[in-house]
Every structure is written in structure tokens, then in C-alpha cells.
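Peer 1:
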Amino acid sequence: MMYFPDVDGVVYEGKNSNNPLAFKEYNPNQVILGKPMSDHLRFAVSYWHTFTLTGSDPFGLPTMLRPWDGYSGLDLAKKRVEGAFEFLTKLGVDYFCFHDRDIAPEGATLRETNKNLDVIVSMIQDYMKSTGKKLLWNTQNMFSNPRFVHGAATSPYSDVFAYSAAQVKKSLEIAKELGAENYVFWGGREGYETLLNTDLKLELDNMARLLQMACDYADEIGFKGQFLLEPKPKEPTKHQYDFDAAAAIAFLQNYGLKDRFKLNIEANHAMLAGHTFEHELAVSRINGMLGSVDANQGDSLLGWDTDEFPTDLYSTTLAMVEVLKNGGLHSGGLNFDSKVRRGSMTPVDLFYGHIVGMDSFARGMKVAAKLIEDKVFDDVVATRYASYQSGVGKDIVEGKATLKSLEEYVIDKDVKVETSGRQELLLAKLNQYLLNVE
Ligand code: XLS
Ligand code: CA
Ligand code: CA
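In my numbering, the protein residues as written are 163 to 600.
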């Protein structure tokens with residue numbers, strides 16, 4: 163069966179193309195800074211938004227029209243796998259990502275659920291072999307089932323902790339089997355609604371305990387993928403423990419897990435935390451913790467996680483500056499944790515969403531590479547901090563200065579700053595590059 167008969171295959175046609183099913187910017191083989199674009203960007207399709215989502219929201223029923231409509235249970239899961247690999251192949255994306263519950267239905271017990279997973283995982287494995295597609299990461303859904311209403315690893319109920327642990331165990335086995343390059347933890351219910359009923363210390367300790375168990379089990383079964391923790395400040399929980407990159411790094415360091423983990427940074431989550439996307443990427447990068455990216459965008463008029471396909475070229479450019487400065491994403495990639503709007507219900511909209519997202523990041527990547535090559539901002543930053551290269555600044559940086567020595571240095575000095583930060587000029591430069599880079 164053909165699932166997307168309206169689409170033959172999406173290819174690069176360049177900026178003058180009028181074909182809505184062609185890339186205008188993303189040319190996978192074009193070499194930039196010594197590497198083909200496809201190696202820099204490592205795009206992934208997220209299974210949940212593209213193949214599982216129905217378009218229902220808190221106010222309305224499903225809207226999506228999908229070629230697998232009308233099937234249920236394992237039959238539905240199998241049809242989705244077939245459709246997923248046709249989609250990846252036609253779009254020309256090498257990677258995908260999923261939660262355990264995206265790919266197979268739950269049974270009455272964990273044993274039955276795991277059996278369903280086995281059927282679908284072996285089917286996915288066959289398709290991966292025949293198409294060459296790869297798993298960027300998988301993860302466990304410990305937020306949808308009502309048993310996680312008060313948390314998973316941070317549930318007050320130890321049976322729920324046990325269930326969560328078992329679920330992580332199975333998903334790690336799947337990661338190993340499918341050769342996942344990373345493994346994600348996102349704790350949607352790992353947080354609290356009110357401190358009045360919450361043992362904050364025990365919950366944080368338990369969250370760390372589950373992550374430690376995961377590291378131990380990965381070692382036991384020889385799973386070598388990179389562990390990633392994905393920060394998000396809220397939604398569905400009022401306060402989520404992995405609030406932002408800084409909180410997630412502090413948590414990992416506190417519990418001795420920092421060397422085993424990196425972060426998966428999502429644009430929309432940065433916005434919910436009151437940060438820019440590039441802020442979260444930069445904080446991760448300077449701490450050696452930038453692992454992977456969930457590529458999407460939020461809406462500044464809405465206070466929730468809208469997971470839109472990325473179209474904002476400022477944001478994709480500044481994100482790619484961080485990625486390039488990181489020396490790339492290594493085992494990570496750019497996963498479209500993005501969904502078409504509820505009103506974009508036809509299958510071809512799934513292609514349009516990914517195409518605009520891929521083109522937006524490709525454009526961002528080209529501009530970022532040129533900004534870095536021309537040292538547009540690096541030179542400004544270097545000049546701005548030049549006073550730390552010699553004299554008293556050098557003493558401060560090298561730990562030779564004390565409060566006493568610094569007092570002595572300034573006590574009779576007229577210290578004033580009349581040097582512009584040139585913000586408007588820099589933004590004009592950014593526009594110039596965005597508009598003119600070939
Ligand atoms: C939800 C998260 C989730 C993670 C994986 O907001 O973005 O989809 O990426 O569990
Ligand atoms: Ca995400
Ligand atoms: Ca999200």
C-alpha cells in the first residue's frame with residue numbers, strides 16, 4: 163500500500179523553485195565548513211507528532227485525516243510503521259525518534275504491553291535495515307497513563323516508581339536493539355502542583371535514583387548511546403524539576419550524573435522558561451552539555467507548548483551559531499518536535515511542515531557559518547573583553563587579584579564607562595547577513 167501517493171520525493175530545487183514540495187535552501191550534499199549540510203543538521207522526524215497525533219485538543223475531537231484511519235490496536239501500529247518509513251524516505255530524512263507508547267498500544271499488563279512492543283520493534287528493525295533509516299533517540303512515555311497522575315520516578319507511590327523503572331528497562335533494551343544514538347528523559351509529570359503535599363527532597367532524590375539505575379542498566383546490557391535530559395519548566399506539571407538548562411545541569415551535578423548526561427534543548431521549552439532558544443543552547447554549550455536539539459517554535463502570544471514547525475529565521479540562525487560553536491551536535495541531531503496545526507489536517511501538510519522547518523534551519527546554518535567565518539560577533543566580543551588580556555584584568559582572570567589589591571588599584575582612579583555596546587549596529591549586521599548570504 164502507498165500511504166502518501168501525492169508525493170514522489172522531496173529534493174532540492176533552489177531558491178527560485180515554485181514547487182511547494184521541494185527544498186529551497188536545504189541541499190543535503192552542499193558542503194559547508196567542511197561537511198555536507200545533512201551531517202551538520204542531522205534532521206529527525208518525531209513519531210508522536212507526525213504519525214500518532216490525531217489533532218484532538220482539550221476542547222475538540224480529532225481532526226487529522228491519515229492514511230491509517232480506520233485501523234486499531236496492533237494493526238494500526240503496523241500501518242503507521244509502514245507509513246512512517248515511506249514518509250522518511252520521501253522526505254529524505256535519515257533519523258526518527260519515538261516514545262514507547264507512540265509505536266505500540268498498551269495491553270492490560272506490562273507483560274502484554276511489552277509483547278506488543280516486541281512485535282512493532284522487530285518490524286521497525288526490518289524497515290531500518292531495508293531503508294537505512296536510523297533512530298536518533300527513543301524515550302519512555304511516563305506521563306499519559308493515569309497511573310502517572312502524581313509523577314513517575316517522583317510519584318509518592320513506590321509501585322509507580324517500580325513501574326517506571328520497568329518501563330525504562332524495556333525502552334533501554336529497545337534502544338540497544340535498534341542502535342539508538344541517544345536516549346532521552348523528559349519528565350512531564352516529574353514536578354509538583356503544590357508544595358503543601360510534596361516531599362521535595364525525596365522526589366528529587368528518587369528522580370536521580372531512576373537515572374542512576376538507567377546508567378547502570380545501560381552498562382549491563384552494553385547500550386552505548388548518549389543519555390539526554392530534556393529541560394522544560396512547566397506543562398503538564400505546574401513546576402517541573404528540569405526547569406531549564408541551568409537547573410538541569412545543577413541537578414545532574416548534584417547527584418553525580420553530569421558525566422553521563424547531556425541536554426536535549428527544545429526551542430519552545432526555552433520560551434516557556436522565559437529564555438531565548440539560543441540562551442538555553444549557549445548555557446548548555448559552555449558547560450559541555452549540549453547534546454541534541456528539539457527543533458520547533460512557540461508562539462509569543464500563547465503561554466503554552468505549541469510545538470510549531472520552526473520558521474523564524476532569526477531563531478534558527480542564532481541556534482545554528484551555537485551548534486557550530488559547539489563543534490556540531492555529535493551524536494545528537496535536530497529533531498522536529500513539531501506538529502502541524504489542528505486545521506492542517508491533510509497528509510501533505512506533514513510534508514509542508516517538515517520542508518519549511520528544514521529550509522529554515524538550512525538557511526540558519528548557512529548564515530551562521532558565514533557569521534562565524536567572518537568573525538562578525540566574535541571580533542566584537544573579543545574587543546569588548548580585551549581588558550582581561552593584560553594588566554589588572556589578567557590578574558583577575560588568573561586568580562592573582564584580591565579585594566585589597568583591587569581596592570588599591572581603583573582607589574584614586576576615575577572609573578567610568580563610555581564605550582557603546584553597539585546593539586543596534588549588531589542587529590543591522592545580522593539582518594544584512596540574513597538577507598545577503600548566498
Ligand atoms: C514535551 C516534550 C516531549 C519530549 C519527549 O513537551 O517535548 O515530547 O521531547 O518526551
Ligand atoms: Ca521535546
Ligand atoms: Ca514541547
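All C-beta atoms, glycine included, are put in the ideal place defined by N, C-alpha and C.
Mind checking which residues open and close the alpha helix (DSSP H) that includes F249?
Peer 2: 235-253
Peer 1: Under a Cβ-count criterion, where at least 16 other Cβ atoms within 10 Å of its own Cβ denotes burial, should V283 be classed as buried or exposed?
Peer 2: buried
Peer 1: With three or more beta-carbon pairs closer than 8 Å as the criterion, would you say the region 487-503 touches the region 551-559?
Peer 2: no
Peer 1: For E470, is the beta carbon positioned less than 6 Å from some heavy atom of ligand 1?
Peer 2: no
Peer 1: At a cut-off of 6 Å, would you count D557 as near ligand 2, judging by its Cβ distance to the nearest heavy atom?
Peer 2: no
Peer 1: Cα-Cα, which of Q415, R228, N307 is closest to P398?
Peer 2: N307
Peer 1: Under 6 Å Cβ to Cβ from K338, same chain only, skipping five residues before and after it: list those, please.
Peer 2: I383, F385
Peer 1: So, are the CB atoms of D521 and F185 less than 7 Å apart?
Peer 2: yes
Peer 1: In three-state DSSP terms, what is N191?
Peer 2: In the three-state reduction of the DSSP assignment, N191 falls in the coil class, being assigned neither a helical nor a strand state.
Peer 1: Which residues share a DSSP beta bridge with I534?
Peer 2: DSSP, once it has assigned bridges, lists no residue as partnering I534.
Peer 1: Within 10 angstroms of its Cβ, does I411 collect 16 or more other Cβ (buried), or is it exposed?
Peer 2: Buried is the call here.
Peer 1: Just reading off the alpha helix (DSSP H) that N598 is part of, what are its end residues?
Peer 2: Where N598 is concerned, the enclosing alpha helix (DSSP H) stretches over 585-598.
Peer 1: Could you name the residues of the same chain whose beta carbon sits closer than 7 Å to that of Y209, not counting the 5 residues immediately before and after it, in chain order?
Peer 2: A246, F258, C259, F260, D264, I265
Peer 1: Indicate whether the contact test is met: 3 or more Cβ pairs, each with one atom in the region 454-474 and one in the region 168-188, closer than 8 Å.
Peer 2: no
Peer 1: May I ask which residues mark the beginning and end of the alpha helix (DSSP H) holding H431?
Peer 2: 429-434
Peer 1: Is D264 close to ligand 3? I mean its beta-carbon at under 6 Å from any heavy atom of the ligand.
Peer 2: no
Peer 1: Measure the Cβ-Cβ separation of G353 and Y403 and say whether it is below 7 Å.
Peer 2: In terms of Cβ geometry, G353 and Y403 form a close pair [threshold 7 Å].
Peer 1: Taking the straight line between their C-alpha atoms, what separation do you get for L425 and L372?
Peer 2: 17 Å
Peer 1: Quick check on G526: buried or exposed, where buried means 16 or more other Cβ atoms within 10 Å of its Cβ?
Peer 2: Buried is the call here.
Peer 1: Kindly indicate which residue of G418, W230, M507 has the alpha-carbon position closest to the one of L223.
Peer 2: M507
Peer 1: Work out the CA separation of A342 and N300 for me, nearest whole Å.
Peer 2: 7 Å
Peer 1: By Cβ distance, which residues of its chain are closer than 8 Å to L203, with the 5 residues on each side in sequence left out?
Peer 2: Y188, G495, L496, M520, F523, A524, M527
Peer 1: Let me check you understand the geometry: is the CB of D231 closer than 6 Å to at least one non-hydrogen atom of ligand 3?
Peer 2: no
Peer 1: For a test of your reading of the model: does the CB of E170 fall under 6 Å from any non-hydrogen atom of ligand 3? Yes or no.
Peer 2: It is Asp, not Glu, that sits at residue 170 in the sequence shown. No, the Cβ of D170 stays beyond 6 Å of every heavy atom of ligand 3.
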